[in-house]
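The sequence shown stops at residue 1763 when you use our numbering, and every number in between is there.
For each residue, glycine too, the CB sits at the ideal point set by N, CA and C.
The structure presented is a predicted model; accordingly, all values stated were derived computationally and were not measured.
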Amino acid sequence: MTAETDLLRIDDQLDDEERLVRDTVRSFTADHVLPEIADWFEAGMLPRSVLTGLGKLGLFGMHLTGYGCAGTGPVAYGVACRELEAADSGLRSATSVQGSLAMFPIWKYGSEEQKEEWLPRMAAGEAIGCFGLTEPDYGSDPASMRTHAARDGSDWVLSGSKMWITNGSIADIAVVWAATESGIRGFLVPRGARGFTARDIHKKLSLRASVTSELVFDSVRLPSSAVLPGVTGLRGPLSCLTEARFGILWGVTGAARACLEAAVSYATTRTQFGKAIGGFQLTQSKLAWMAVSLYQSQLLALHLGRLKAAGTLTPVQVSTGKLANARTAIDIARTARTILAANGVTLEYPVIRHANNLEAVITYEGTEEIHALAIGQALTGMSAYR
Ligand SMILES: Cc1cc2nc3c(=O)[nH]c(=O)nc-3n(C[C@H](O)[C@H](O)[C@H](O)COP(=O)(O)OP(=O)(O)OC[C@H]3O[C@@H](n4cnc5c(N)ncnc54)[C@H](O)[C@@H]3O)c2cc1C
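Spelled out as structure tokens, the structure:
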């Protein structure tokens, strides 16, 4: 954030490591992403070289320890997500999926062999992972999933399909959640396994610089070593989502900040009725509320980051952050779009790209309604899911 827009100087709260991460990621996106991102968004692609670059920077699984992971604190991870998403939500999504949804379950629930085989390569960006939970018929209600795995001798046979899977077709390893006789289990399914196919979903108007795929498992035979031994039940995938949502509640503050900066810059240079539109009270009121809401979301992210560092962060606190900050970010992006008016609908400026990206961000990793239900349940003691 520039000195002019960071009126509360919230970044002064960051320690040296967190500032170093901020500056490193910011300079990477300035050099390697921002000059091209509008074209990638328009073309609907994110070059693999960018993912390799993020791995080289040490951003994949950076909040994990050992196996080639950087082992930073959670606020440093949050700051990295923020700076990535200030460039594009697709970049942060790729990093969230790799570190929190694919590496985290292996790190937390995997066997020693699984960790050694996958984590160092994934941390370096040499192997890409994806996370398959959502199905065509089951999104918010993953407990009802149809994808299932059954024992056949010492092997497992996996059948079913997963939908809307980030990085699906480019992944070297898919972490797939399937119903078994003993409950939901996680399976590591390598690219090329017989009966496993991935098809990209096209015509998305959100997160275009991000690969989204459908995964199909047609009686895929897996060895017994493919199952994650350390967890059974929905708490496995839900714990991964809590990790990833933490990155989102930080990340979206980056997208919002980029939109505020674009709006301030436009408002001070665009003239109508003989003066800069930033000199009109109505524009200043918009900018002031955008800034205030951004500061609130940044302070919330920082607070939750410090709770995570203290080891006390709970899933409902993460739901609160994801619900609040994703909504704030999309509101800021849409208001910024009105200040840029016609120019706001083109990819020449970042705001429509961020606004469109945030449509997916308010939906994935728990829709607004699902997070509201989690908070409502915590407040009232009553579950309103059914
Ligand atoms: C770009 C993109 C990338 C994604 N990446 C991944 C990924 O990598 N891996 C993965 O597993 N999934 C991924 N998803 C899927 C995402 O997590 C789901 O879309 C999300 O969980 C919502 O599921 P759904 O779309 O099926 O909506 P549904 O669950 O069908 O919900 C439809 C509407 O009904 C509402 N609703 C549902 N239940 C209730 C209720 N009890 N009370 C009130 N309202 C309710 C919802 O809030 C929503 O408004 C991705 C999605 C997108 C768009």
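The closest CA to that of T1646, considering only Q1694, S1601, A1471 and I1716, is found on I1716. Nearest in C-alpha terms to A1640, of all of S1583, L1385 and A1719, is A1719.
Separation of the CB atoms of G1432 and G1502 is rounded to 2 Å, and the pair is thereby assigned contact status at 8 Å. Judged by DSSP in its simplified three-state form, C1636 adopts helix. Note that the segment 1660–1670 does not touch the segment 1721–1731; fewer than 3 beta-carbon pairs, one per stretch, sit closer than 8 Å. Non-local beta-carbon contacts of V1593 in its own chain, meaning distances under 7 Å to residues more than five positions away in sequence, involve S1538 and T1574 in chain order. Taking 7 Å as the cut-off, one finds at least one heavy atom of ligand 1 near enough to the beta carbon of C1507. Bridge partners of P1567 according to DSSP: I1550. Taking C-alpha positions only, Y1444 is separated from W1495 by approximately 9 Å.
Beta-bridge partners of C1507 (DSSP): A1551. Only residues of its own chain outside the window of five on either side were considered, and among them A1504, I1505 and R1568 have a CB closer than 6 Å to the CB of D1549, listed in chain order. Taking all protein chains in view, the Cβ of Q1661 is surrounded by fewer than 16 other Cβ atoms within 10 Å, so the residue is classified as exposed.
Under the three-state reduction of DSSP output, S1670 falls in the helix class. If the five residues before and after H1748 are omitted, its C-beta is found closer than 7 Å to the C-beta atoms of S1696, K1699 and L1700, all from its own chain and listed in chain order. Between V1474 and C1507, the C-beta spacing is below 8 Å. For the segment 1668–1738, the full-length alpha helix (DSSP H) segments reaching 4 residues or more read 1692–1717 and 1728–1738 along the chain. Taking 8 Å as the cut-off, the Cβ atoms of G1624 and T1589 do not count as close. Taking F1405 as the centre and dropping the five residues before and after it, the same chain places the C-beta of G1430 and L1434 closer than 7 Å to its C-beta, in chain order.
Burial check for P1451: the Cβ neighbour count within 10 Å reaches 16 or more, so the residue is buried.
Short note on G1743: C-beta closer than 7 Å to some heavy atom of ligand 1. Taking all protein chains in view, the Cβ of M1759 is surrounded by fewer than 16 other Cβ atoms within 10 Å, so the residue is classified as exposed.
Under the DSSP assignment, R1576 falls in the beta strand (DSSP E) whose first and last residues are F1573 to D1577. If you draw a 10 Å sphere on the C-beta of T1757, you find fewer than 16 other C-beta atoms in it, and that means exposed.
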